Every structure is written in structure tokens, then in C-alpha cells.
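Working notes for the structure below.
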Amino acid sequence: IEIALLIPGIVYCLIILFFWIGILREQKRESEPQTALPKVSVLIPARNESANIVQTLASLAKQTYPPDNFEVIIIDDRSTDGTAETVEAFIRESRLTHFRLISHDGQPDRPTFKKDALAHAITFSTGEIIMTTDADCQVQPDWIAGTVRQFDEKTGMVAGLITFDPNSESTLFHKLQTLEFAGLVFAGVGANGNRYPLICNGANLAYRRAAFDAVGGFAGHAHIPSGDDDLFMQYLHHHTNWQVRYNLDPATINYTQPVDTLRQFINQRARWGSKSREYPGALTFVFLLIVYLFYVMMLGLPMLWLSGLISGQLALNLVVLKIFPEYLVIRRALDVLQRQDLLIYFFIAELAQIPYIVIAGFAGFFKLFRWK
């Protein structure tokens, strides 16, 4: 039994080291500096975001990119809290002629999801480059310019970094979320660095319109509620010659807000994880299954040790096989995000991570969560 338990621990360690090596490769990746100023369309789907969207729009109004070369399209997606009126008032008072609001009512006989709103907005957009963020995010002044610079002639998508606003971290729970989220984001960086695009986040994403058209938009996964980011990334990688790269420039990191309760957190992570059922490729499924089973095993590790089924030495070895590679990834992630202050919470996060992965993974696979 000890050998049977040690093998998944070794495999898990190798998977995380695969991510770490990929992060190093992505950091060393170079491209020709781009001086062109293509037209950019920034798309922001919004459903009941009247409390947050003004800050998002205000941050976009401060972009260093020439206003004549970008447009901001806010998509009111069936809001009932006055989001549309809030956006209209902001645009009117700020006199931002390159900002506009459109509505997306969808089809009355079925619910609408974020990718529906985005697909609707793209038909109204005029940009060569499509950029997306969320209605509760804040972007930095160089976000558009710094992202556009990452596009060379072979690049079809640029995935950006997203983290939680340090000013919103009022509790230990918030700090642990930031730490956990950093690991998730940089798993995506690492996978991409090894030329295996896996995950990204629509809160900081850019792609060429030509790349979007090359895969038929979201048509390949239109039946899936989510996936405007990672599923689209994977389809682009598998079905075209366009390359995907990550933008690690700190000046282009976008900031969002952590959730306040454990229930919200589990629901959010389950929702994110639900997309994994639809990831193309058997290798991806096997990888995710190994990771999940390893966490199930780690959850039962204390009981196995206390009952005498495994030795203390094996239990310690399994803990090291988990902590060592994850520390390498988190350390690198926090360096890039300029959040080294969070490293002191690493071991607390390691303990909290195991049960949440098991619960959220189960809930996500069986779709035991609520959409907004």
C-alpha cells in the first residue's frame, strides 16, 4: 500500500515541477517589440454590477493608449440593479466618446451566459484586437498599451495576470485567497510556457479578431455556459497555428475583489472547475484526475497514519512531495505579482487547500453550484 500511495505523490510533484519550469520558460520568452497601434476593442460584460462598474470604467478612462485607437463597449446583460443607468451617467458626465453601452437580452427561452454577451458585443466592435475584463476589475493605465506590445505576427492571444486588490484584503481569509489564486494563475503561466495552453482568465485577456474568427468564435463550445477564456484558448491552440503567450508585465496586472464568505469561495471555485469536464484532449483529463485523486489521498493521510496503515516516514514524504514544488511555484508567482508579503501564509494555505480542492472539485464536476 505504501508504494501505491507514493507513486501518485511522485507524479503530482513532477506535474507541479512541470509548471515551475514552464514559468521560467515563459519569463525568458522574447518577442519583437511592437510599435504599431492597432485599433483595440475592450469588452466588459456586466450583470448587476452597478456597485462596481464605475471604478472599472474610471480606470479605463486613464489609459495611456491613444483614445482614437481604442473603444470600450459595456454590455448590459439583463441587469436589474440599474447597471445600465449607472454606465450611461458615467459616460455622459465624463464625456468619453469612445465608450458606449449596448444591451444583450439573449433568447427569452433560455438563460444567457457571459460568452453570449461577448459574442454579441464582438459583432458591434471594430477593433483588430479584442480585450476583455470584468465589470468588478480595475486596470492599470498601461494595460492596453502593455498588452498590445506583446502581440507579434505569430501571436493570436495574450493572456494577462489577475490578482486581488491588496486594499481589499481585510482578513486572513482574503489573504489566503490571494495566495491560492496566485498558484492557480501561474499554473496557467507554467502550462503555457511548456507550449500546453491550459487555463487563463477572461478578466485579463486579449486576442486578435482574426484568431477569434479562425475558430468560429465560441461556436465550438457554445453549448457550455462558460469557457470564453480557457476553452477558447485551448480551441485556438488545437485548431489553428496562432500562438498563445502570457503577459507577465507588472504594469498590466488587473485587480479584482476576493469573496467574503467560505460558501461564496467554494461556489466560485466549483463554477470555475466545472469547465474542466469539457477540456479537449485525454491527456488534460488524466492530468486533472491525478491531481484530484492526490488531494483526496492527502485529505485521508492523517487517518491512514493514525490507524497504522502507513508509516510516519511515508506520510512525511508525501507532504514534502506536495509542499516543495508548490513552494517553488508560489515563490515565483509572488515575485512577479510583487506580493512577497504573502509568503508567510504559505503553510496555512497549504493546509486549507486540501479540503477545499476536494469539495470544490466534486461540486464542480457534478455542477453543484449556482450561476450569478
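With my numbering, letter number 175 in the sequence shown gets 1028, and the count goes up by one each step, no holes.
Where is the CB? At the ideal position from N, CA and C, for every residue including glycine.
Computed from a predicted model, the values in this text were never measured in an experiment.
Excluding five sequence positions before and after residue 870, the CB atoms of its chain that fall closer than 8 Å to its own CB belong to 1178 and 1181, given in chain order.
Take residue 862, set aside five residues on each side of it, and the residues of its chain with a beta-carbon closer than 6 Å to its own are 1171 and 1174, in chain order. Going by DSSP, residue 947 is part of the alpha helix (DSSP H) stretching over 936-947. When only Cα atoms are considered, residue 1136 and residue 1144 end up about 12 Å apart.
Cβ-Cβ separation between residue 1189 and residue 1101: approximately 6 Å, consistent with a contact (criterion under 8 Å).
For residue 985, there is no enclosing alpha helix (DSSP H); the enclosing beta strand (DSSP E) covers residues 982-985.
It is roughly 58 Å from the alpha-carbon of residue 920 to the alpha-carbon of residue 1168.
Apart from the 5 residues on each side of it in sequence, residue 908 sits with its Cβ closer than 7 Å to the Cβ of 991 in its chain, given in chain order. Pairing residue 923 with residue 997 gives a Cβ-Cβ distance under 7 Å. Residue 956 is bridged by DSSP to 929. Residue 958 and residue 936 have their C-alpha atoms some 14 Å from each other. Between the alpha carbons of residue 1113 and residue 1027 lies a gap of roughly 7 Å. The alpha helix (DSSP H) runs of length 4 or more contained entirely in the stretch 1033-1074 are, from start to end of the chain, 1062-1067. The C-beta separation of residue 952 from residue 910 comes to about 7 Å, placing the pair in contact by the 8 Å criterion.
According to the DSSP secondary-structure assignment, residue 896 is paired through a beta bridge with 926 and 985. Residue 1010 is bridged by DSSP to 1060 and 1097.
Going by DSSP, residue 1016 is part of the beta strand (DSSP E) stretching over 1015-1017.
In terms of Cβ geometry, residue 1013 and residue 1104 do not form a close pair [threshold 7 Å]. Out of 1054, 1108, 1040 and 1056, the CA that lies nearest to the CA of residue 1191 is found in 1108.
In the displayed model, residue 993 falls within coil according to three-state DSSP, outside both helix and strand. Judged by DSSP in its simplified three-state form, residue 865 adopts helix.
Straight across, the Cα-Cα distance linking residue 1201 with residue 1029 is about 8 Å. The beta carbon of residue 1199 sits closer than 8 Å to those of 1032, 1180 and 1183, all from its chain and outside the five residues before and after it, given in chain order.
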